[in-house]
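Student: Pasting a structure here, questions to come.
Protein chains: 2
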Amino acid sequence: MVRLKCIINYDGSQFSGFQIQPNKRTIHGSLEKALLKMHKGEHVRIIASGRTDTGVHAKGQVIHFDSSYDIPVLNWKQALNTLLPDDLYIQEVKVVPDIFHARFDVMEKEYRYYVWNEKEADVFKRNYFYQFPYSLNIEAMQEACRYLVGTHDFTTFSSAKATTKGSKERTIYKASCTERGSEIEFIFRGSGFLYNMVRIIIGVLLDIGQERRKPSDIENLLENKDRRLVGETVPPQGLYLWEVKYRED
Amino acid sequence: MVRLKCIINYDGSQFSGFQIQPNKRTIHGSLEKALLKMHKGEHVRIIASGRTDTGVHAKGQVIHFDSSYDIPVLNWKQALNTLLPDDLYIQEVKVVPDIFHARFDVMEKEYRYYVWNEKEADVFKRNYFYQFPYSLNIEAMQEACRYLVGTHDFTTFSSAKATTKGSKERTIYKASCTERGSEIEFIFRGSGFLYNMVRIIIGVLLDIGQERRKPSDIENLLENKDRRLVGETVPPQGLYLWEVKYRED
Numbered sequence: 001m002v003r004l005k006c007i008i009n010y011d012g013s014q015f016s017g018f019q020i021q022p023n024k025r026t027i028h029g030s031l032e033k034a035l036l037k038m039h040k041g042e043h044v045r046i047i048a049s050g051r052t053d054t055g056v057h058a059k060g061q062v063i064h065f066d067s068s069y070d071i072p073v074l075n076w077k078q079a080l081n082t083l084l085p086d087d088l089y090i091q092e093v094k095v096v097p098d099i100f101h102a103r104f105d106v107m108e109k110e111y112r113y114y115v116w117n118e119k120e121a122d123v124f125k126r127n128y129f130y131q132f133p134y135s136l137n138i139e140a141m142q143e144a145c146r147y148l149v150g151t152h153d154f155t156t157f158s159s160a161k162a163t164t165k166g167s168k169e170r171t172i173y174k175a176s177c178t179e180r181g182s183e184i185e186f187i188f189r190g191s192g193f194l195y196n197m198v199r200i201i202i203g204v205l206l207d208i209g210q211e212r213r214k215p216s217d218i219e220n221l222l223e224n225k226d227r228r229l230v231g232e233t234v235p236p237q238g239l240y241l242w243e244v245k246y247r248e249d
Numbered sequence: 001m002v003r004l005k006c007i008i009n010y011d012g013s014q015f016s017g018f019q020i021q022p023n024k025r026t027i028h029g030s031l032e033k034a035l036l037k038m039h040k041g042e043h044v045r046i047i048a049s050g051r052t053d054t055g056v057h058a059k060g061q062v063i064h065f066d067s068s069y070d071i072p073v074l075n076w077k078q079a080l081n082t083l084l085p086d087d088l089y090i091q092e093v094k095v096v097p098d099i100f101h102a103r104f105d106v107m108e109k110e111y112r113y114y115v116w117n118e119k120e121a122d123v124f125k126r127n128y129f130y131q132f133p134y135s136l137n138i139e140a141m142q143e144a145c146r147y148l149v150g151t152h153d154f155t156t157f158s159s160a161k162a163t164t165k166g167s168k169e170r171t172i173y174k175a176s177c178t179e180r181g182s183e184i185e186f187i188f189r190g191s192g193f194l195y196n197m198v199r200i201i202i203g204v205l206l207d208i209g210q211e212r213r214k215p216s217d218i219e220n221l222l223e224n225k226d227r228r229l230v231g232e233t234v235p236p237q238g239l240y241l242w243e244v245k246y247r248e249d
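Line by line, the protein sequences give chains A and B. First residue of the first sequence: 1, per the UniProt record's numbering; consecutive thereafter. First residue of the second sequence: 1, per the UniProt record's numbering; consecutive thereafter.
As structure tokens, then:
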């Protein structure tokens, strides 16, 4: 028996999210189906660093699973990719110690969110950007990002549907906003993220970009710990799980 | 009755091509369905500059149609876009003289083809680039492009399935190949293009890029007028109908 860690990419547009569901095309389901074929009908359970919602993409999702299938590690990547649909791709497979756990051992995660700041729709960007037609003050959003860095209780910025029972304290190491032509890139690195946290933060940053709020409002919002103080969760297609870091990395 | 000319964009990935077909999702079908709704059940026939195959995209396809629906021209764009699916977008609507014809009046067309020159698959590029894993001599392909410019009989570079009965002579005004990191962009502007012509040319250019043929082979291939002398048609997802020009432009 060997434990394998995989880094996977997916275009979330045609999946009903990560989590396995009956009669739905999900990332978890597609991965286990490929593993089932490889293991001649023996079910192999995978564990991911976390779930992603319908429409959310991944450039560096991480999973682990145990296998009794004895092939050289170099062949795993090709064998799996041959069985997977073309919107789900295994970028790297490596053997890890038996104690490695893709969810419990996460040290750091990076999410990115992409906004297409144009009035005109773009059919080639509809699944990969959030099209936002109003003009934005980039410097105000950059200033707001600085208030997010550090250890805070993010209750205000987590979905009311969240089932997390533990602490809502998380540490953000990096929060940035960069403009490249009509494309705006937001990067967040942190110890972990609550359910919908990035998408709720982006909604507030866009309010600040429109000058409907001040950058320093972030401080008060964090202190008040109340989801009802902030607006809508932005749509999923701009969101990418970019990287997951572990102790061993 | 007014004649309207529209410039339309579409992401071809989820369409079964342009041409209307029973029980298939096509660009023609989606456009006429939207027009049927707008005209309260009255069928409105559209004419396009030409068809595109399944998987082929458009940044500047042109159609025309006649309508008795009396609304200001500025409202047409929004009214139509509201009724269209989000992978099909009307970029511009304008009133044209009754004698304008989207197919017969074409003066010039531009097609582009995008190659992703990497060994590793990219889930976000799979529908928009042709992934080509072998190294390419860009200068050789650029030299080959120069042999394509001018007026030639393109029989060698047209599909054997082509139903065109007339002359296979076409004039190419521009043929270029540009490398940008791992992305290779091919641009072709010409008086017109035969069925599959761009995709067959790209196949030969990639042979030349791999140094399996010389750039000057293009001359002999054109002279010999035989489709069997050249290789496979490259896949559709790298191809974009970029612009259609008319006398009036």
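Ideal Cβ positions, reconstructed from N, Cα and C, are used throughout, including at glycine.
Grab me the residues of residue 221(A)'s own chain with a C-beta within less than 8 Å of its C-beta, minus the 5 sequence neighbours each way, in chain order.
Tutor: Closer than 8 Å at Cβ, skipping near neighbours: 156, 157, 204, 229 and 230.
Student: Which of the three DSSP states, helix, strand or coil, is assigned to residue 16(A)?
Tutor: Note: residue 16(A) maps to coil in three-state DSSP.
Student: Against residue 11(B), what residues of chain A qualify as contacts under a CB-to-CB distance less than 7 Å, listed in chain order?
Tutor: Under the 7 Å cutoff, chain A gives 123 and 124.
Student: With a floor of 4 residues, list each alpha helix (DSSP H) that falls wholly inside the UniProt domain "Pseudouridine synthase I TruA alpha/beta" (8-105) of chain A, ordered by position along the chain.
Tutor: Counting only runs of 4 or more, we get 27-38 and 73-83.
Student: Check whether chain A comes within 9 Å of residue 53(B), counting only Cβ atoms and requiring the distance to be less than that.
Tutor: Not one chain A Cβ lies under 9 Å of residue 53(B).
Student: Could you spell out the range, first to last residue, of the beta strand (DSSP E) harbouring residue 244(B)?
Tutor: First-last of the beta strand (DSSP E) with residue 244(B): 239-246.
Student: Should residue 91(B) be flagged as near chain A, meaning a C-beta pair shorter than 9 Å?
Tutor: True, the Cβ-Cβ gap to chain A drops below 9 Å.
Student: Below 9 Å on C-beta distance, what does residue 128(B) contact in chain A?
Tutor: Within 9 Å Cβ-Cβ: 124.
Student: Taking the Cβ atom as the reference point for each residue, do residue 77(B) and residue 91(B) lie within a distance shorter than 9 Å?
Tutor: Yes; because the gap between Cβ atoms is below 9 Å, this pair is in contact.
Student: Chain B beta carbons: is any one of them nearer than 9 Å to that of residue 117(A)?
Tutor: So no, residue 117(A) is outside the interface.
Student: For residue 110(A), does the count of other Cβ atoms within 10 angstroms reach 16, so buried, or fall short, so exposed?
Tutor: Residue 110(A) is buried by the Cβ-count criterion.
Student: Nearest-angstrom Cα distance between residue 160(A) and residue 154(A)?
Tutor: When rounded, the distance between both Cα atoms is 12 Å.
Student: Mark residue 87(B) as exposed unless 16 or more other C-beta atoms lie within 10 angstroms of its C-beta, in which case mark it buried.
Tutor: Burial call: buried.
Student: By the DSSP assignment, the alpha helix (DSSP H) with residue 140(A) in it spans what residues?
Tutor: Residue 140(A) -> alpha helix (DSSP H) spans 138-148.
Student: Are the region 43-55 of chain A and the region 5-21 of chain A in contact at 8 Å, needing three or more beta carbon pairs?
Tutor: Enough Cβ pairs lie closer than 8 Å, so yes.
Student: Would residue 47(A) pass as a contact of residue 103(A) if the rule is Cβ separation under 9 Å?
Tutor: Going by C-beta atoms, residue 47(A) is nearer than 9 Å to residue 103(A).
Student: Which residues, in order along the UniProt domain "Pseudouridine synthase I TruA alpha/beta" (8-105) of chain A, keep a beta-carbon less than 8 Å from a beta-carbon of chain B?
Tutor: So the list reads 9, 10, 11, 57, 81, 86, 87, 88, 89 and 91, given in the order they occur along the chain.
Student: Consider the Cβ of residue 169(B): report whether some Cβ of chain A lies at a distance smaller than 9 Å.
Tutor: With 9 Å as the cut-off, residue 169(B) does not count as an interface residue toward chain A.
Student: Kindly examine the ligand HEM and report whether one of its heavy atoms sits closer than 8 Å to the Cβ of residue 3(A).
Tutor: As presented, the structure is devoid of all ligands, the ligand HEM included, so that no description of it is given.
Student: For residue 111(A), list the residues DSSP reports as bridge partners.
Tutor: Looking at the DSSP assignment, residue 111(A) forms a beta bridge with 188(A) and 241(A).
Student: Can you round the beta-carbon distance between residue 147(B) and residue 202(B) to whole angstroms, since I take them to be within the 8 Å contact cut?
Tutor: The Cβ separation is near 14 Å, so there is no contact.
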